[in-house]
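Working notes for the structure below.
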């Protein structure tokens, strides 16, 4: 994240002695990106952050994928993956829907506390579709509500505690960092005036969260020779990782609620980049929110047909009624996958039906990738098998 924060106690000068009331030194940890050449924070631990007493294999959920071949648009019904949140947690029970070498998209419905967890592969952007959760992190606590994106930097130890009704989460896991689009930011990292959100809309940990404990197990997802180059380990720490009395810097987790995104509209139909909210390496995240639509007297409010020459497009429909897909079978909890090399657009009946509309009451999260996506076991399990033929209304 671009702007500086200080939470809890830190010494007046970095990399200098900092002691507790009994005179013992706190242990300083630099958590930084891209070696020592990008955003970082300094965390001050009561215990030694590298003191492990055991490490065992963590058998990850199924992460293998199969190619989308022959090339086919897909409709995946995510709500069919879980009958309810009971008995599941938000870390171990994610089901992989789509993935490639840059990003993986999973879905989970959870009601149980997760283990302590750290993703050492890349940043995570978790969209809370329904319910709520408390997210405890080494930086402090975040309260996640419906419509929140929860941004968790790579290697941040955390755990998910679902609220009374559980949490339904759409999990975007990168092999890179996830940040605001560069075009929204000044050369020093401040949000510019044309950006559809700003620093005031981001919610960050407000106070340290210090927990005592010994022999604490943390599940770590890291690089290795498993599917997608990913493996897991169970690392046991001598002292609790949540022993940070203070931190400062420009790297930390935060939430951003989709209702705080200010849509950019125009006289004629605006292209998808106006809906962008985040970006990672070789992919972008956009959201389509309730908004006024095109106001030219001859405007066509639904999208024009378009070919994804360089990208695959994934839409997760999570609120309202998405006008362009009417008549396709897609509803709340659906994903549409429109792969590169295939021209797609609204269902034919939706074009005439949209004429004269003044606003759309729809909510969707879109991921566009610049490498082809493959189907995970979750995606294969809930493919409706007929979406590809809905534009023509028939199949040979």
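Numbering (UniProt numbering), first residue to last: 1 to 396. Ideal Cβ placement from N, Cα and C applies to all residues, glycine included.
>> Checking the sheet assignment: what are the DSSP bridge partners for residue 174?
In response: 103
>> From the DSSP secondary-structure annotation, give me the bridge partner or partners of residue 338.
In response: 313
>> Quick test of the definition: if touching needs 3 or more C-beta pairs under 8 Å, does the segment 245-255 touch the segment 272-292?
In response: no
>> Between which residues of its own chain and residue 267 is the CB-CB distance below 8 Å, once the five residues before and five after are set aside?
In response: 294, 295, 296 and 299
> Between residue 169 and residue 129, which are expected to be in contact by the criterion C-beta below 8 Å, what is the C-beta distance as a whole number of angstroms?
Replying inline: 7 Å
> Would you say residue 120 and residue 218 are within 7 Å of each other, going by their C-beta atoms?
Replying inline: no
> When we look at the beta-carbon of residue 84 and count the other beta-carbons within 10 Å, is it buried (16 or more) or exposed?
Replying inline: exposed
> Taking three-plus beta-carbon pairs below 8 Å as touching, is the segment 187-200 in contact with the segment 138-150?
Replying inline: no
> So, is residue 223 buried or exposed, given that buried needs 16 or more other C-beta atoms within 10 angstroms?
Replying inline: exposed
> Are the segment 315-324 and the segment 375-393 touching, with three or more C-beta to C-beta distances below 8 Å?
Replying inline: no
>> Using a 10 Å radius around the Cβ and a threshold of 16 neighbouring Cβ atoms, would you call residue 144 buried or exposed?
In response: buried
>> Just to confirm the assignment, what range does the beta strand (DSSP E) spanning residue 55 have?
In response: 52-58
> In terms of alpha-carbon separation, which member of 155, 166, 163 and 186 lies closest to residue 176?
Replying inline: 155
> Taking just the CA atoms, how far does residue 53 sit from residue 171?
Replying inline: 31 Å
> Does DSSP put residue 121 in a helix, in a strand, or in coil?
Replying inline: coil
> What are the partner residues of residue 394, as DSSP defines its beta bridges?
Replying inline: Its beta-bridge partners do not exist; DSSP assigns none.
> Which residue's Cα is closest to the Cα of residue 91: 345, 318 and 167?
Replying inline: 167
>> For residue 40, list the residues DSSP reports as bridge partners.
In response: 32
> Buried or exposed: residue 100, going by 16 or more other Cβ atoms within 10 Å of its Cβ?
Replying inline: buried
> Which value, in whole angstroms, describes the spacing of the CA atoms of residue 70 and residue 97?
Replying inline: 18 Å
> Span of the alpha helix (DSSP H) holding residue 86?
Replying inline: Residue 86 -> no alpha helix (DSSP H), and no H or E assigned at all.
> In this structure, does DSSP put residue 78 in helix, strand or coil?
Replying inline: helix
>> Could you check whether residue 111 and residue 413 sit closer than 7 Å to each other, using their CB atoms as the reference points?
In response: Nothing can be reported for residue 413, as the shown portion of the chain is limited to 1 through 396.
> According to the neighbour-count rule (16 or more other Cβ atoms, all chains shown, within 10 Å of its Cβ), is residue 305 buried or exposed?
Replying inline: exposed
> Between which two residues does the alpha helix (DSSP H) containing residue 380 stretch?
Replying inline: 377-381
> Considering only residues of the same chain and omitting the five flanking positions on each side of residue 59, which have a CB-CB separation below 8 Å?
Replying inline: 232
> Can you round the beta-carbon distance between residue 339 and residue 312 to whole angstroms, since I take them to be within the 8 Å contact cut?
Replying inline: 5 Å
> CB residue 287 to CB residue 258, shorter than 7 Å?
Replying inline: yes
> Do you know offhand how far residue 281's Cα is from residue 174's?
Replying inline: 8 Å
> In three-state DSSP terms, what is residue 371?
Replying inline: coil
>> Helix, strand or coil, according to DSSP, for residue 259 in the structure here?
In response: helix
> By a C-beta neighbour count over all protein chains shown, 10 Å radius and 16 as the cutoff for buried, is residue 146 buried or exposed?
Replying inline: buried
> If we count the other Cβ atoms within 10 Å of its Cβ and call it buried at 16 or more, is residue 20 buried or exposed?
Replying inline: exposed
>> Going by DSSP in three states, residue 94 sits in which element: helix, strand or coil?
In response: coil
>> Between which residues of its own chain and residue 212 is the CB-CB distance below 7 Å, once the five residues before and five after are set aside?
In response: 240
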